[in-house]
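Asker:
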Amino acid sequence: MSDQTHMHVEHDIAPGDEEQHSVGARILGYVVGLALALLLTATSFFIAGTDLVWQPSIPVALIVLAIAQMGVHLVFFLHITTGPDNTNNVLALAFGLLVVFLVVGGTVWIMAHLNQNMPPMDQIMPMRN
Amino acid sequence: MPAVRTVEPMMLGKLDWSAIPFDQPIPLIAGAVVLVGILGVLAWVVLRGHLPYLWDEWITSVDHKRIGVMYILLASVMLLRGGSDAIMMRIQQAVAYQSQGYLPPEHYNQIFSAHGTIMIFFVAMPFVIGLMNLVVPLQLGVRDVAFPTLNSVGFWLTATGALLVNISLVVGEFARTGWLAFPPLSELSYSPGVGVDYYAWSLQISGVGTLVAGINLVTTVLKLRTRGMNYLRMPMFCWTTLASNLLIVAAFPILTATLAMLLLDRYLGFHFFTNEAGGNVMMFMNLIWAWGHPEVYILVLPAFGIFSEVVSTFSGKALFGYRSMVLATMAICIISFMVWLHHFFTMGAGPDVNAIFGIASMIIAVPTGVKIYNWLFTMYGGRIRFATPMLWAVGFMVTFIIGGLTGVLVAVPPADFMLHNSMFLVAHFHNVIIGGVLFGAFAGFEYWFPKAFGFRLDERWGKMAFWFTFLGFYVTFLPLYVAGMLGMTRRLQHYDVAAWRPWMLVAAVGMAVLTIGVICQITQLVVSIRNREALRDRTGDPWDGRSLEWATSSPPPVFNFAFSPDVRGEDAYWDMKALARKQSLEHEGPEYHDIEMPRNSPTGFVCAFFASIMGFALIWHIWWMVILGGIGAFATFVVFAWRDHDEYVIPAAEVARIDGINLEERRSLVSMAGGV
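Protein chains in written order, with this note's numbering: chain A, 8 to 136; chain B, 5 to 680.
#1: Can you find a C-beta in chain A that's less than 8 Å from the C-beta of B:F256?
#2: In three-state DSSP terms, what is B:S210?
#3: For chain A, find out if any of its Cβ atoms is closer than 8 Å to the Cβ of B:V175; answer yes or no.
#4: Are there three or more Cβ pairs, one per stretch, closer than 8 Å when the region 325 to 344 of chain B is compared with the region 241 to 251 of chain B?
#5: Taking beta-carbon pairs under 8 Å, can you tell me which members of the region 330 to 356 of chain B lie near chain A?
#6: Locate the alpha helix (DSSP H) running through B:E299, then write down its first and last residues.
#7: What is the C-beta distance between B:Q114 and B:R180, in whole angstroms, given that I count them as a contact (C-beta under 8 Å)?
#8: What residues in the region 128 to 153 of chain B bring their beta carbon closer than 9 Å to a beta carbon of chain A?
#9: Which of helix, strand or coil does DSSP assign to B:V517?
#10: Under 8 Å: do the region 207 to 217 of chain B and the region 151 to 169 of chain B share three or more Cβ pairs, one atom per stretch?
#11: Please look up how many angstroms separate the CB atoms of B:A637 and B:F614, rounded, as I've assumed it's under 8 Å.
#12: Using C-beta distances below 8 Å, list every residue in its chain close to A:S9, excluding the 5 sequence neighbours before and after it, in chain order.
#13: Give a yes or no on whether 8 Å exceeds the smallest Cβ distance from A:M77 to chain B.
#14: According to DSSP, what are the bridge partners of B:I499?
#15: Strictly by DSSP, which residues pair up with B:T493?
#16: Hey, could you find the ends of the alpha helix (DSSP H) B:I623 is sitting in?
#17: Does the beta carbon of B:A294 sit closer than 8 Å to a beta carbon anywhere in chain A?
#18: Can you grab the Cα-Cα spacing for the pair A:V39 / B:P606, in whole Å?
#19: Whole angstroms is fine: what's the gap from B:A7's alpha carbon to B:V643's?
#20: Check whether chain B comes within 8 Å of A:T88, counting only Cβ atoms and requiring the distance to be less than that.
#21: Could you tell me which of B:I122, B:V174, B:E651 and B:S568 sits nearest to B:L144, measuring between CA atoms?
#22: Considering only the alpha carbon of each residue, which of B:W507, B:Q525 and B:V430 lies closest to B:F446?
#23: Just checking my contact of B:M748 with B:M240 at CB under 8 Å: how many whole Å lie between their CB atoms?
#24: Per DSSP, which residues does B:P602 bridge with? Please list them.
#25: Got a sec? Which residues, its chain only, sit under 7 Å from B:T244 by beta carbon, not counting five neighbours each side?
#26: Please report the distance separating the alpha-carbon of A:Y37 from that of A:I87.
#27: Would you list, in chain order, the members of the region 42 to 67 of chain A that have their beta-carbon closer than 7 Å to a beta-carbon of chain B?
#28: Identify whether B:F459 lies in helix, strand or coil by the three-state DSSP scheme.
#29: Does the separation of the CB atoms of B:M722 and A:L121 fall below 8 Å?
#30: Secondary structure at B:R540, three-state DSSP: helix, strand or coil?
#31: Would B:M286 count as contacting chain A if we go by Cβ distances under 8 Å?
#32: Please list the partners that B:N682 has in chain A, where partner means a Cβ-to-Cβ separation under 7 Å.
#33: Between which residues of its own chain and B:I302 is the CB-CB distance below 6 Å, once the five residues before and five after are set aside?
#34: Determine the direct distance from the alpha carbon of B:G17 to that of A:W61, and round the result to whole angstroms.
#35: Run down chain A in chain order and give the residues with a C-beta less than 9 Å from the C-beta of B:N435.
#36: Shortest alpha-carbon distance to B:R670 belongs to which of B:Q528, B:G53 and B:Y577?
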């Protein structure tokens, strides 16, 4: 980790600066991203209301499409790549995903268990009568 | 005439003369004293003609060292405010046995709420962020942080939050809900006043400041290291800064979102956390602690870094187990997001959930234990100098182990069911926050003060301050453990149990000793400023330091380093000194170059000015003023974003002149050392 970073310090990019690409290549990248994002969005809306596919598969398909949508945004708009100059961004993304997973997953789990120590309501109700 | 009576509330929202507590002498007198103090200082500044200096060199400064100093100054002033609250609470609990004491309940409730809010958000946070700002770029061998103007914005927004909390002392009231404003108590139906709004808006505004400071410092550590400073050569303080600021970036948005939901409940009739209409108060507990537990580590990790630097320097040895220390730091960074439920074990979750979070809470003590052993082994066999920073470090190790052990105790859910919300808990978290964060802040203050100002602090008063604070801490907080064991709950305005009384009296005596410690600290500062010529640090390396901040003069020039240092290992400056002694020279006729530095900018101050107006207006529902403040802050940003010149050049000749002074001092030091 460390030695690699050291080697790349020389031609690393300062914060706020962007890589120097030609304008044409950059516009092409954004257009492809936009097209893919629109395609995935349209597909989601189509799948949600269709009866052409097996109905229980629809939520799964929507989840898959949503993840693909995130991937498109990350690659084409936020410029996450596997290049060596992008290690920090990839690690930051991984850390962010881990925290979101821990907090959201933990919250769902905790909130689902909150009433464990409450007496069961169906047994209380008859006692009042 | 109803028409006339409706015009006035429209203009100033809920604000009228009844907001000033004319019937309560304590806040009014305190507020008046503070106001006279502030006006006095302002008058002195203006009359002596210091205003241009203050404006050019401090208020608009984007220099990370100046901003760091201002953060620490803010924290120190707020420490006195939060400490006054603590003194008032200790006295109240000492006298309020079978009586009402001298503080009425609604005032006492505001005091403990303000004490917690101020100590965490406006003392501990700015103190550690200030030290990180001051030191990290120097340790990394760079000229500034990644985003200098954003840094200034972050500081001034934090100051805005502190200002709003203090305004609540005389205009309106502060929250009576405790430092985390739990609903449903903090909802409109139970807290209809402006207290919770003061709390929430000051934290929202200062939270933005903290978030930008976090982004800034993460970027600085990841992107701005000098030549050869790879990750595993960074000083330990830079590692803990990285971990702490990663936590800020990950956790503070949770706080902002949670408080935003509370504000929506209060302002727009939403039902996130209300009792009725499907609201769920437990979601607030869950979310606020999902931020709150990482926050604990945001505060204590930088302190761990400070102790690592101090222990290594004053033992004259490299840090023992550097890589295990890095690993422990990053492990804490991750695990701190897996333990938050231990703050509400008692709130109904089943044994599965409680057991898992209990175990995770015990596991997080392991990397902390690794660190303690590393510090002990660093000291082992070293030639230890017990200067003031080292005293704080040793005092920390003893105190923090006790706090950590009681922490592992309350991490056991069945034990926590007994101790939850008791004085035992109060004693525990003061044990870790004072023993860990505050001792760390003081160690860092004593250690880096010569670097920031060019003269050392008086050792005699420093040692007295340490011993009074150290003893005062134990006399104050050990009785609280006992009182908790005897069943005393926290936040009691008065009580009738005879068994608690003696412990409250002892704690009040302890508070007096702690106060003497604070007075010693202030005296130390005054005495040191008076004797500054005798205490002058000419070489820039008063402690025989090991990392790069000691490689430049004290105080460092605005550009920090005339040359970017070339780092060849851990303890970069130690190696350089060893090399220089061998060659008996540091540099031979160096060739200087022009240096570009960021220009000062009033953006931060002006932004915060408008944010203060906006925050105050939001609290009092003065909507036209909210819009005014919002437009002003946005316009400031636009003006900054479109500016043409963002840097100025320091010519090579000037760099040579400034660097030459320090180089002469260092040469004489090296030749002296070579001669012996």
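All residues carry an ideal CB built from backbone N, CA and C; glycine is no exception.
Answerer: Inspection of the coordinates gives the following:
#1: no
#2: helix
#3: no
#4: yes
#5: I338, F341, M342, W344, L345, M351, G352, A353, G354, P355 and D356
#6: V285 to S319
#7: 5 Å
#8: A150 and F151
#9: helix
#10: yes
#11: 4 Å
#12: Because the pLDDT at A:S9 is just 39, under 50, the model does not fix this residue reliably, and the value given afterwards should be weighed accordingly. Counting only Cβ-Cβ distances below 8 Å, and skipping sequence neighbours, we find nothing.
#13: no
#14: Here the sequence assigns Tyr to residue 499 of chain B, which means Ile is not the residue at that position. Paired residue(s): B:Y101.
#15: B:S426
#16: T607 to W624
#17: yes
#18: 42 Å
#19: In this predicted model, B:A7 has a pLDDT of only 44, less than 50, meaning its place in the structure is not dependable; the value taken from the coordinates is given anyway. Each residue's alpha carbon lies about 41 Å from the other.
#20: no
#21: B:S568
#22: B:Q525
#23: Outside the displayed span of chain B (5 to 680) sits residue 748 of chain B, for which this structure offers no information.
#24: B:E651
#25: L305, P306, F308, G309 and T333
#26: 13 Å
#27: none
#28: strand
#29: Nothing can be reported for residue 722 of chain B: it is not among the residues displayed for chain B, which extend from 5 to 680.
#30: strand
#31: yes
#32: Only positions 5 to 680 of chain B appear in the structure, and residue 682 of chain B is not among them; the question remains open.
#33: S248, L251 and I252
#34: 58 Å
#35: None at all; the shortest Cβ gap to chain A is about 27 Å.
#36: B:Y577
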